[in-house]
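Q: Right, I'll just put the structure down here and ask away after.
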Ligand SMILES: *Cc1c(COP(=O)(O)O)cnc(C)c1O
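In my numbering, the protein residues as written are -13 to 357.
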């Protein structure tokens, strides 16, 4: 056995995206104890910076020590009790996982379905809210990475509250890449991931809970079935001021990586990061359209950080992707579900959202398709 030396790739798929060298080197710094005062100080800074980029004052804002899927489970397992009626909007893979979370917790999932590639329909959600006055939660995906569609989180949350529901929002791909305002849009429980538009490594899930969500959590009739994800316990570990108690061993070096990624996004400015993602998307879009390649999602619903395009007639999906990987060290994503073999998903997330990556992708695709 020998040391593993991965090839150097350009990651333009659905995540993980390119990790910035500053973040890689931050993770190589010496490991210290997770209750060391120096580490505790870094944890507090991390929480403060997460509040800034989520645009929230929520006290309960912190990184879960596990990937985005664990952030999803944290939201659902803390907020959904057996018998709860939860309206789940499904317009792609990740909405389906939300439904799976609800039913495994003994909740009743009411499905609002939209075509894959479309945004979640506010009209359909309103109908479901009218038909189910006993529903207590609405869940939806802000940025559906499986299709590249963006839903209007502000309108969907407003509707949910009009019908006395709290909201669970998947922002794994949106945080840092597109406009997101937790307090202004009144999002109650939100989870994200570090490996998409935060330019960092996979493995951490920032979350935030509003007062409304905490009220639902604190008035539960039954204990939370997951010990690891039970926020009542996790809060004792992450809460400021209170004397921290051991809950689990934080992934110390990975959190150095998240901390550095937050330093970088604050240096850039979170709004500037949204603008950068949009500009590079437009560059890529213009280049692809000039090659005759069309987008799956209609213009007004497109995510700048995840570009789903229809595979041109005559192109061999697997062959093209493997040529890009082997000859150009360039990774793009395959289609999922109904779009397997029909679309490519080209990510421009975080540090990968750079002009030189757009140029590389366009020229590599042009040469490959030309053959
Ligand atoms: C990537 C992703 C997830 C899952 O995150 P992991 O870190 O892979 O667990 C959840 N939701 C959306 C929308 C995603 O893009």
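C-beta atoms are modelled at their ideal positions from N, C-alpha and C, and glycine is treated no differently.
Taking contact to mean 3 or more Cβ pairs, one atom from each stretch, closer than 8 Å, check whether the region 189 to 198 and the region 35 to 55 are in contact.
A: As far as the Cβ criterion goes, the region 189 to 198 touches the region 35 to 55, which means the pair count is three or higher.
Q: Is residue 232 helix, strand or coil when you go by DSSP?
A: Coil.
Q: Does DSSP put residue 358 in a helix, in a strand, or in coil?
A: What the structure shows of the chain is the stretch from -13 to 357, and residue 358 is not part of that stretch, so it cannot be assessed.
Q: How is residue 333 classed by DSSP in three states: helix, strand or coil?
A: Looking at residue 333 - three-state DSSP - the assignment turns out to be strand.
Q: Let me check understanding here. Comparing Cα to Cα, which of 243, 246, 221 and 245 lies closest to residue 234?
A: Here the closest residue by C-alpha is 221.
Q: Let's see if you can read the secondary structure: which residues bound the beta strand (DSSP E) around residue 177?
A: That run of the beta strand (DSSP E) goes 175 to 177.
Q: Going by DSSP in three states, residue 169 sits in which element: helix, strand or coil?
A: Here residue 169 sits in coil by DSSP.
Q: From 282, 334, 305 and 306, pick the residue whose C-alpha is nearest to that of residue 105; which is it?
A: Here the closest residue by C-alpha is 282.
Q: Grab the span of the beta strand (DSSP E) containing residue 71 for me, first residue to last.
A: Unbroken beta strand (DSSP E) run through residue 71: 71 to 76.
Q: Report the rounded CA-to-CA distance for residue 57 versus residue 175, giving the unit in angstroms.
A: C-alpha separation (whole angstroms): 10 Å.
Q: Ligand 1 heavy atoms versus the CB of residue 188: any closer than 8 Å?
A: Yes - ligand 1 has a heavy atom lying nearer than 8 Å to the Cβ of residue 188.
Q: Leaving out the 5 sequence neighbours to the left and right, which residues in its chain are closer than 7 Å to residue 42 when beta-carbon positions are compared?
A: Cβ within range, chain order: 168, 169 and 194.
Q: Residue 343 and residue 293: beta carbons closer than 9 Å?
A: Going by C-beta atoms, residue 343 is not nearer than 9 Å to residue 293.
Q: When you compare only the Cα positions, how much space is there between residue 361 and residue 1?
A: In the structure displayed, the chain extends from -13 to 357; residue 361 sits before or after that span and is not available.
Q: According to DSSP, residue 294 sits in a beta bridge with which residue or residues?
A: 331, per the DSSP bridge assignment.
Q: Helix, strand or coil for residue 45? Go by DSSP, reduced to three states.
A: Residue 45: coil per DSSP, three-state reduction.
Q: For residue 214, does the three-state DSSP call read helix, strand or coil?
A: Looking at residue 214 - three-state DSSP - the assignment turns out to be coil, as it is neither helix nor strand.
Q: Assuming residue 182 contacts residue 155 (C-beta within less than 8 Å), just tell me the rounded distance between them.
A: In fact, because the Cβ distance is near 15 Å, the residues do not count as touching under 8 Å.
Q: Classify residue -2: buried if its beta carbon has 16 or more other beta carbons within 10 angstroms, exposed otherwise.
A: Under this definition residue -2 is a buried residue.
Q: Where does residue 39 fall in DSSP's three states?
A: It is helical.
Q: Could you work out which residue in 328, 324, 287 and 290 is closest to residue 306 when comparing CA atoms only?
A: For residue 306, the nearest C-alpha among the options comes from 328.
Q: Name the DSSP beta bridge partners of residue 156, please?
A: According to DSSP, residue 156 bridges with 127 and 177.
Q: Taking just the CA atoms, how far does residue 130 sit from residue 274?
A: Going by the C-alpha atoms only, they are around 21 Å apart.
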